[in-house]
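Asks:
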RNA sequence: CGGGGCGUAGCGCAGUUUGGCAGCGCGCCGCGUUCGGGACGCGGAGGUCCCCGGUUCAAAUCCGGGCGCCCCGACCA
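Numbering (the numbering used here), first residue to last: -19 to 549.
1) What distance in whole Å lies between the Cβ atoms of residue 451 and residue 412, which are believed to be in contact at a cut-off of 8 Å?
2) Identify the continuous alpha helix (DSSP H) that holds residue 423 and give its terminal residues.
3) Is it the case that the Cβ atoms of residue 1 and residue 12 are separated by a distance below 7 Å?
4) Closest to residue 513 by CA distance: which of 6, 457 and 55 is it?
5) So, residue 264 versus residue 365, is the Cβ gap smaller than 7 Å?
6) Could you compute how far the alpha carbon of residue 324 sits from the alpha carbon of residue 356?
7) Is residue 283 near the ligand COA - that is, is its Cβ less than 6 Å away from at least one heavy atom of it?
8) Can you tell me the Cα-Cα spacing of residue 127 and residue 8, whole angstroms?
9) Should residue -11 be labelled buried (16 or more other beta-carbon atoms within 10 Å of its own) or exposed?
10) How many Å lie between residue 116 and residue 429 at the Cα?
11) Does the beta-carbon of residue 401 have 16 or more other beta-carbons within 10 angstroms, so that it is buried, or is it exposed?
12) Starting from residue 263, follow its DSSP beta bridges and name the residues at the other end.
13) Is it a yes or a no for the segment 157 to 171 touching the segment 118 to 135, going by three-plus beta-carbon pairs under 8 Å?
14) Helix, strand or coil, according to DSSP, for residue 308 in the structure here?
15) Hey, could you find the ends of the beta strand (DSSP E) residue 14 is sitting in?
16) Taking only runs that begin and end inside the segment 131 to 187, name each unbroken alpha helix (DSSP H) of 4 or more residues, in chain order.
17) Among the candidates 334, 186, 202 and 204, whose CA atom is the shortest distance from the CA of residue 258?
18) With DSSP as the reference, label residue 327 as helix, strand or coil.
19) In chain order, what residues of the same chain lie with their CB nearer than 8 Å to the CB of residue 149, ignoring the 5 residues before and after it?
20) Alpha carbon to alpha carbon, how far is residue 46 from residue -9? Give it in angstroms, no decimals.
21) Taking residue 397 as the reference, give the member of 20, 217 and 60 with the closest Cα.
22) Can you tell which of 74, 18, -17 and 197 has its C-alpha closest to the C-alpha of residue 431?
23) Should the segment 438 to 455 be called in touch with the segment 134 to 150, which here means at least 3 C-beta pairs below 8 Å?
24) Considering only the alpha carbon of each residue, which of 285, 266, 267 and 268 lies closest to residue 274?
25) Might you give, ordered along the chain, the residues of its own chain that have their beta carbon closer than 6 Å to the beta carbon of residue 354, omitting 5 neighbours on each side?
Here it is as structure tokens:
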């Protein structure tokens, strides 16, 4: 491709409404163009990269035995009522009416459609297992699109769905997809971390997410270098240091704590560790007020809490609701609280002689002990894992907390959808049973966005070779010199003939602009033809994008295709 | 949905406080000089000042209403 013909210009200034580095690069490099919040047009360079990602995905899906289909974006709302997810998705689901006023939705994902498809076409155990996938547009009216391609309202996603006769079959299908996912990310040149994940609104049992580490990522995850344990913070388990040994339970006493309403203030005032205090947090779950107690140095993991409560709506209680429940915010404790559901984190049941609120303004108790002074309706693990907490899976590992972008997610759905849709098959014994399902997603556009967010330097994008729009960025300098231009044209033809994809900067621009654009666009290999490279013969300079500026190697133009292949990963 | 910010040429912005010719830089077009890290000279084109309404002799600027975009939070497959 001659750059003089390429649609899409690079920008010199950062766009004003892009905040993350990756988003700025997407716009400045002319990869995408925004149409509305979370809605983008993809320009030729971005599309080439996405097509390469899709090719890798197709090859791995096909190799794993999955078959490609295409299901509709526009669907009758009845499908979503049947699964109960019209409600679950709420305002995220795009609704519309057709000309006969029938309610339709724009599909945010395709479990409903694929389960409907399976129930129509799969009738016997002989038809199973089967795995169907597609690469299709998804629409989700996200409350807040953000960070360029990371969270958008219209996006391309590969989604695969496996159907099996039983749990063991599902386990095997899931394993195949996990292996395919590793292959996909490895081939795309991405260093992803697989983490245990919460399955959220999808339901089901096992679930894991594939994270690309990036400081601007939306998700937090913990990893253990010692044993390899990795989990989304939403469901991570951890060990934390026990509270300092307080010895045998002492007599409870009440103390004045003027204006001490936070744990930090309280611990500072009393010159004790935060882990020697108990903290109270208040939630409303499906309309019910809930009192939660946890050790003072720990925080409540709301996802864990919500799961322990069996789903439903969970939110922090308002000040009014706290007051209405007769609780003194800032001095609350489980001691003496009645008529409210009390949930305790495991931490609050260990240790002794805690400082806790006295349920009276400016007063706290000393020497509060679980079992003697207070009790809980439920004791569960709802502590948030933190940096430097101990690994729950091994004895000597410490957890590292990082941020990541979720580029893939796999779930074992079980029979949730097949039962809702009557997607049954007949066993060898003539018995009718629901199919066991799994679903497996990769966001194609998000993956591109995540790559650019995580693989870059101050000058621009550094594309992994396998998903770069082009292999080689050929830069021709000295446009007034016919000999140079001829040599660059020849090199362009040679590289192309050798099967390499070449972006040829044939524009009448200065060297500075051309090199800057080459760095900005981030093709893996740059070939320069100029008076300097031609000083001792018809040579070109090859330089990897990831290498520093002065590390070029000079090779004869005739050898360039061979050398380029050797240099490219 | 709560909080904050913004909307003026393709992009980045000034001008709005105190109403009075719509500006600057980059980019774009033409000519010339330059040519290895975002060159220079000369000439030029380009505007629904987000939209609607109001006040005024006069509105980018003041008032009312609306829309859009970004960030933080909530939410999130």
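By construction, the Cβ of each residue, glycine as well, lies at the ideal position given by its N, Cα and C atoms. These numbers were taken from a predicted model, which means no experiment stands behind them.
Replies: Put simply:
1) Not confirmed; about 54 Å, so no contact.
2) For residue 423, there is no enclosing alpha helix (DSSP H); the enclosing beta strand (DSSP E) covers residues 416 to 423.
3) Cβ distance not < 7 Å, so residue 1 and residue 12 don't count as in contact.
4) Of the candidates 6, 457 and 55, the one whose C-alpha sits nearest the C-alpha of residue 513 is 457.
5) Going by C-beta atoms, residue 264 is not nearer than 7 Å to residue 365.
6) So the alpha carbons of these two residues sit roughly 6 Å apart.
7) Within the structure as shown, the ligand COA is missing, as the structure has no ligands at all.
8) Roughly 14 Å separates the two Cα atoms.
9) That one is exposed.
10) Looking at the backbone, the Cα of residue 116 and that of residue 429 are separated by about 17 Å.
11) Answer is buried; the Cβ neighbour count reaches 16.
12) Residue 263 pairs with 270 and 296.
13) For the pair of segments examined, the segment 157 to 171 was found not to touch the segment 118 to 135: the number of CB pairs separated by less than 8 Å stays below three.
14) In the three-state scheme derived from DSSP, where H, G and I count as helix and E and B as strand, residue 308 is classed as coil.
15) Under the DSSP assignment, residue 14 falls in the beta strand (DSSP E) whose first and last residues are 12 to 16.
16) Within the segment 131 to 187, the complete alpha helix (DSSP H) runs of at least 4 residues are 147 to 167.
17) It is 334.
18) Residue state for residue 327 is assigned as helix, using DSSP reduced to three classes.
19) Cβ neighbours of residue 149 beyond the five flanking positions: 108, 109 and 416.
20) Approximately 42 Å between the Cα atoms of the pair.
21) By alpha-carbon distance to residue 397, the top candidate from 20, 217 and 60 is 60.
22) The residue among 74, 18, -17 and 197 with its C-alpha nearest the C-alpha of residue 431 is 197.
23) The segment 438 to 455 makes no contact with the segment 134 to 150; the number of CB pairs closer than 8 Å stays below 3.
24) Nearest C-alpha to residue 274: 285.
25) Counting only Cβ-Cβ distances below 6 Å, and skipping sequence neighbours, we find 314 and 315.
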